[in-house]
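Asker: Protein chains in written order, with the working numbering: chain A, 10 to 492; chain B, 101 to 654.
The structure under discussion is supplied below as structure tokens; questions concerning it will follow.
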Amino acid sequence: MVDLLNMSYDTQIPNNVGLSADKKVLKALEKWHPGYINWWNDLIPEKFQKSMIYLRTAVSVDPKGWAKFDYVKMPEYRWGILLAPGVEDRLIPCGEHKGEPAWQEVPGEYRNLLKPLIVIQGDTEPASVEQQRFLGMTAPSLYDMRNLFQVNVEEGRHLWAMVYLLQKYFGRDGREEADDLLLRSSGSEEAPRLLGAFNEETPDWLSFFMFTYFTDRDGKMQLESLAQSGFDPLSRSCRFMLTEEAHHMFVGETGVGRTIERTCQAMNEAGIADPYDTGKIRDLGVIDLPTIQKKLNLHYTLSLDLFGQEVSTNAANAFNAGIKGRYLEPRIDDDHQLRNDTYRVWGIVDGKLIQHEVPALTEINMRLRDDYTRDAAGGVGRWNRIIEKAGLEFEMKLPHECFNRKIGVFAGHDFDPEGNLLSGAEYEAGLPTWLPTHADGDFIQSLMRPVSEPGQFAGWISPPKVGIDNKPGDFEYAKLHMA
Amino acid sequence: MPDMIDFQTDPSRYLHWRVDYDGPIANLYMDVNEEGGLFDGYQLKLNSYDLGVDIELADVVQRMRFEHPQVKVVVMQSGKPGVFCAGANIRMLSGAAHNHKVNFCKFTNETRNAFEAAEQDSGQKYLAAVKGTCAGGGYELALACNHIMLTNDSSSSVSLPEVPLLAVLPGTGGLTRLTDKRKVRRDRADIFSSAEEGVRGQRAVDWRLVDEIVQNSKFDQVVRDRAEQFAAAWDGPDDPVEGIALGPLDRKFAEDGSVSYSLVDVRVDRGGRKATITLRGPDTGPATDMAGFAGQGDQAPMLRLARELDDAILHLRFNETELGLVVIRCQGDPEKLLAHEALLLDTRDHWLANEVLQYWKRVLKRIDVTSRSLVCLVEHGSCFAGVLAELLFAADRSYMMEGEFEGDNRPIASITLSASNFGLFPMGNNLTRLQTRFLGEPGSVDAAKAQIGEAQEAGEAEEFGLVTMILDDIDWDDEIRIFMEERASFSPDAMTGMEANLRFAGPETMETRIFGRLTAWQNWIFTRPNAVGKIGALQCYGTGVRGEFDQERV
């Protein structure tokens, strides 16, 4: 265990922010850190806390230092505070201050706008660890278990990154917000996490893979836009987080891909060609493709909701203030101020879906959501190639953006995944074929049996093509503590 | 835009509120229909409100008293998850004409005052149960409640973000109730009112912004417990009482804009920019007792007259904004009117007598803050007696007929004071209208009091200072005509300002500070480019572009 009393913060916390000389942050962190360690210890089942997990740790931001692999007990993981290297003479990339030098301190006039952005980002990081806390018990392999914990410790580090910004730049309010990040908890009746989607438990591994593919990708898009912030410490912090976030999406994409691959393989071995012959397919102990599509529908649409309302004053304010940009802002060919630009969005007029042009400034969320959809489509294509290669006829699809929405203009209307407006009865009738039912959940749950022999995998998922850190197939990614 | 804004509604027509009655406790749910805005061009998201929402709330509060007198505690809460109320709708405000904004704020202020006073006046305590966002006008709703409970979920907060977000003020009593009612220290109030995010958790209690914070998982239970506890603490008569139904008003609109009710008549003279309100006193005697009064229900003349006058005033305020002069007349038998009033005064401990008198208090206050030149004409055959005599002291001026008028066989004009003129109907400054009128000569109040029950004809009325001027047959028509023509020629703005200043002599109260200081500043800001100019904060809100301020301090 970490010796909390004699913790040397400046040497034990990998950092490139001059922590040892920063009395203010050190003092705040000393107060906050024990709470963080308690949070971690209370969260992850004890068996895993005592196990040695083969994890990568970022000890610096240079190519050699950001991914050091070794066995570590998770509570002793060295969560670092690392910012991507500063860009000399960086300028604010968008909004009314475009072209002015990036801020190294919080501009007073934007403090109120900036802080909630950091708080909400910070709130989602530990939330996902909380949502996934029980998954270690049913890991389909040591390889997958290791990936889960890698994602978890890095979400923990991302929390640190946001806490650092709050403590360093937002005074007493910031310290209180940092404390509250540990106070709220996913699904809690007392103090739930700020965003609804982060209060749902991740019940099984397919959900985990879908979550890391779809929901962490929302996180990626948010980090991408915050990486464009004119507030330089936030930009640098998010840029470095993005290097880690990529691994999370890798875990999601390959996890779903391996599930699909195993299903196709089992179907071919059993000579089943019809993907909708679900009873027979499930008897093989694999997850049928239509059910995987249903899980995709659910997680994709929940993630779309995370982008918020189509017309967003907050997003417009943040863009115009230069504290949050768009995805790949410098590559966009416009004035980066959106004084007269419009953007095409869906709306509902007289019960019909209509596309119309609206001021681009208030549609920042929408644009990011569209970028997200394009980004998410890539992996879906790769999943389809697995199915194609297996010679089966089935295509995974992203549902229309109006399907199953709880936030925005489509909320309260019943659409099918193709985007057709339905009556309530038609919708109810179609629902079991579009979204996972309880029975689907129960079936998936029945497959969730832990496999902890090195090199072995549960029957519903294929092994990965390549090991982590180029390790061989039978590498022991976790040395489990046996009580 | 609707042709006319109507203040009459009833529960079957509510779009935004619902009430569940549970014995002495009423659960009042705010669940604003996004598409139910009074005007086009905005959606009432996040339980934000416009005038239509507030008209319903005023109706709820009024019916709570008359139709549900058994209710002792009203729990105001949201019917939507994650938000209590986000305040007045900003797109509505930024799209509204100045006079609508001002009238809207005035009406919402009156409604806040009405439920705030319900505890003291009617034994109905309002409790705000706040979960989720409670911002701006939303917190002002809570502030006007008698007890505020906030859930402690580490995200629900109370806030007044008007200044940082919109460059206007929390103008529905917000700033004033912080300092005067909740007695929040001014430096803390300064922080609170300039921080968009607001305050949550323990600090909200420490700063007295709320009365208590409650563990989130137990919130509903604790709110229920508290409501039951407050209901049990009620120490008035606890006989179960049946309310009376408030039916629709008997009301007709004429082509020229005139409105006739059963006892109130509003004549519109657009050319002369004036409206003449004529009140008719009761033709018959009162019920023998309050049981009889209750049997008459909403048809009892004293209640009917108050409801009709109230509606007429609101109609003129919102729908006839160019009628700068309101002439108030009445006709009827003062003795009969006084007999009706006497029944109420003699049985004030009866809940319905109390409610009717309290309602008159509110109607008279509504007249006090109505921004029109008010003049009373005390003509022959009039019944300015008791409660109606208050109209003389609410008006800016009053003229009384003196002596016989040729060809006029109505009874000679007189004024009769009753006990109600000496304490029952205080103004916002907490003085009676006579005390305010005679601020420099308290002896005159005593002299007038000695005349209770005596019908004063013009000479005496002038001697006791009850009217502005008495005029005989020779002078009457011309003097009145000249006064009205002169009044119509003045700047409406100057009239509003002058009258509002002269009406409220004497001490400040929270109420006068809300209607005077806070409202005046707010209305000034509402005309300033920094808020409402093309690049002002209120106009820019929602576009993403920041308002630009003229940095000159004025």
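Idealized CB from N, CA, C, for every residue including glycine.
These numbers come from a predicted model, not from an experiment.
In chain A, which residues lie less than 7 Å from D253 (chain B) when you measure between Cβ atoms?
Answerer: By Cβ distance, chain A contributes E199, A200, P201.
Asker: Give a yes or no on whether 8 Å exceeds the smallest Cβ distance from G642 (chain B) to chain A.
Answerer: Yes, its Cβ sits closer than 8 Å to a Cβ of chain A.
Asker: Taking just the CA atoms, how far does L405 (chain B) sit from G445 (chain B)?
Answerer: Per the sequence shown, residue 445 (chain B) should be read as Leu rather than Gly. Approximately 17 Å between the Cα atoms of the pair.
Asker: Against chain B, does R335 (chain A) count as a neighbour if the rule is that its beta carbon must be under 8 Å from one of theirs?
Answerer: For R335 (chain A), the answer is no, since every Cβ of chain B falls outside 8 Å of its Cβ.
Asker: Using 8 Å as the Cβ pair cut-off and three pairs as the minimum, do the region 335 to 351 of chain A and the region 224 to 234 of chain A touch?
Answerer: Short answer: they touch.
Asker: Using a 10 Å radius around the Cβ and a threshold of 16 neighbouring Cβ atoms, would you call Y80 (chain A) buried or exposed?
Answerer: Exposed: under 16 other Cβ atoms inside 10 Å.
Asker: Give the single residue among A:P459, A:E366, A:L489, A:F484 whose Cα lies nearest to the Cα of P149 (chain A).
Answerer: Considering only alpha carbons, the answer is A:P459.
Asker: When burial is assigned at 16 or more other CB atoms within 10 Å of the CB, is F184 (chain B) buried or exposed?
Answerer: Classification of F184 (chain B): buried, given that the 10 Å Cβ count is 16 or more.
Asker: Classify D132 (chain A): buried if its beta carbon has 16 or more other beta carbons within 10 angstroms, exposed otherwise.
Answerer: Looking at its Cβ environment, which holds 16 or more other Cβ atoms inside 10 Å, D132 (chain A) is buried.
Asker: Given that L192 (chain A) touches chain B, what residues does it touch there, using C-beta distances under 9 Å?
Answerer: Those within 9 Å of L192 (chain A) in chain B are S254.
Asker: Would a C-beta distance cut-off of 8 Å place S195 (chain A) and F207 (chain A) closer than the cut-off?
Answerer: Cβ distance < 8 Å, so S195 (chain A) and F207 (chain A) count as in contact.
Asker: Would the beta-carbon of R202 (chain A) fall within 8 Å of that of R193 (chain A)?
Answerer: Their beta carbons are under 8 Å apart, which means R202 (chain A) touches R193 (chain A) by this criterion.
Asker: In the DSSP assignment, the beta strand (DSSP E) including P368 (chain A) goes from what residue to what residue?
Answerer: Per DSSP, P368 (chain A) belongs to the beta strand (DSSP E) from 361 to 368.
Asker: With DSSP as the reference, label V341 (chain B) as helix, strand or coil.
Answerer: Note: V341 (chain B) maps to coil in three-state DSSP.
Asker: What residues match up with I396 (chain A) in a beta bridge as DSSP calls it?
Answerer: Paired residues: none, contrary to the question.
Asker: With A387 (chain B) and L452 (chain B) assumed to form a contact (beta carbons below 8 Å), what rounded beta-carbon distance in angstroms separates them?
Answerer: That pair is no contact at about 11 Å.
Asker: Kindly list, in the order they appear in chain A, the residues whose Cβ is closer than 7 Å to that of N316 (chain B).
Answerer: Simply E198, E199, A200.
Asker: Name the DSSP beta bridge partners of E315 (chain B), please?
Answerer: Per the sequence presented here, residue 315 (chain B) reads as Gln, with Glu not at that position. According to DSSP, which records beta bridges pairwise, Q315 (chain B) is partnered with B:N252.
Asker: By the DSSP assignment, the alpha helix (DSSP H) with N127 (chain B) in it spans what residues?
Answerer: That residue, N127 (chain B), is in no alpha helix (DSSP H); its beta strand (DSSP E) goes 125 to 130.
Asker: In chain B, which residues lie less than 9 Å from E105 (chain A) when you measure between Cβ atoms?
Answerer: V645, R646, listed in chain order.
Asker: Going along chain B, which residues have a C-beta under 9 Å from L370 (chain A)?
Answerer: T643, G644, V645, listed in chain order.
Asker: Along the chain, where does the beta strand (DSSP E) that runs through F78 (chain A) open and close?
Answerer: From DSSP, the beta strand (DSSP E) with F78 (chain A) extends over 77 to 82.
Asker: Where does P607 (chain B) land, buried or exposed, given buried means 16+ other C-beta within 10 angstroms?
Answerer: Flag for P607 (chain B) reads exposed.
Asker: Counting only Cβ-Cβ distances shorter than 9 Å, please list the residues of the region 107 to 128 of chain A near chain B, keeping chain order.
Answerer: Within the region 107 to 128 of chain A, the qualifying residues are E118, N121, L122, K124, P125.
Asker: Roughly how far, in whole angstroms, is the beta-carbon of R373 (chain B) from the beta-carbon of G357 (chain B), given that I think they are within contact range, below 8 Å?
Answerer: The Cβ separation is near 12 Å, so there is no contact.
Asker: Give the secondary structure of W355 (chain A) by DSSP, where H, G and I count as helix, E and B as strand, and everything else as coil.
Answerer: Reduced to three states, the DSSP call for W355 (chain A) is strand.
Asker: Compare the C-beta of T6 (chain A) against all C-beta atoms of chain B and say whether one is closer than 8 Å.
Answerer: The structure shown does not extend to residue 6 (chain A), since chain A is modelled only from 10 through 492, so no value can be given for it.
Asker: Identify which residue in A:Y45, A:D423, A:R340, A:K304 has its Cα closest to the Cα of V389 (chain A).
Answerer: The shortest Cα separation from V389 (chain A) among A:Y45, A:D423, A:R340, A:K304 belongs to A:K304.
Asker: Is H256 (chain A) helix, strand or coil when you go by DSSP?
Answerer: Helix, per DSSP.
Asker: Apply the 10 Å Cβ neighbour rule to G271 (chain B) and answer buried if 16 or more other Cβ atoms are within range, or exposed otherwise.
Answerer: Buried, because 16 or more other Cβ atoms sit within 10 Å of the Cβ of G271 (chain B).
Asker: Consult DSSP for L539 (chain B) and reduce its assignment to one of helix, strand or coil.
Answerer: L539 (chain B): coil per DSSP, three-state reduction.
Asker: Using only CA atoms, which one of A:I296, A:S471, A:P472 lies nearest to L456 (chain A)?
Answerer: When each option's Cα is compared against that of L456 (chain A), the closest is A:I296.
Asker: I want to see whether chain B comes within less than 8 Å of F328 (chain A), judged by CB atoms only; does it?
Answerer: Closer than 8 Å: yes.
Asker: Could you check whether the Cβ of V323 (chain B) sits closer than 7 Å to any heavy atom belonging to the ligand FAD?
Answerer: The model depicted lacks the ligand FAD and carries no ligand whatsoever.
Asker: For V34 (chain A), count neighbouring Cβ atoms within 10 angstroms of its own Cβ and tell me buried if that reaches 16, exposed if not.
Answerer: That one is buried.
Asker: Report the neighbours of A295 (chain B) on chain A: residues whose CB is nearer than 8 Å to its CB, in chain order.
Answerer: Per Cβ cutoff of 8 Å: N121.
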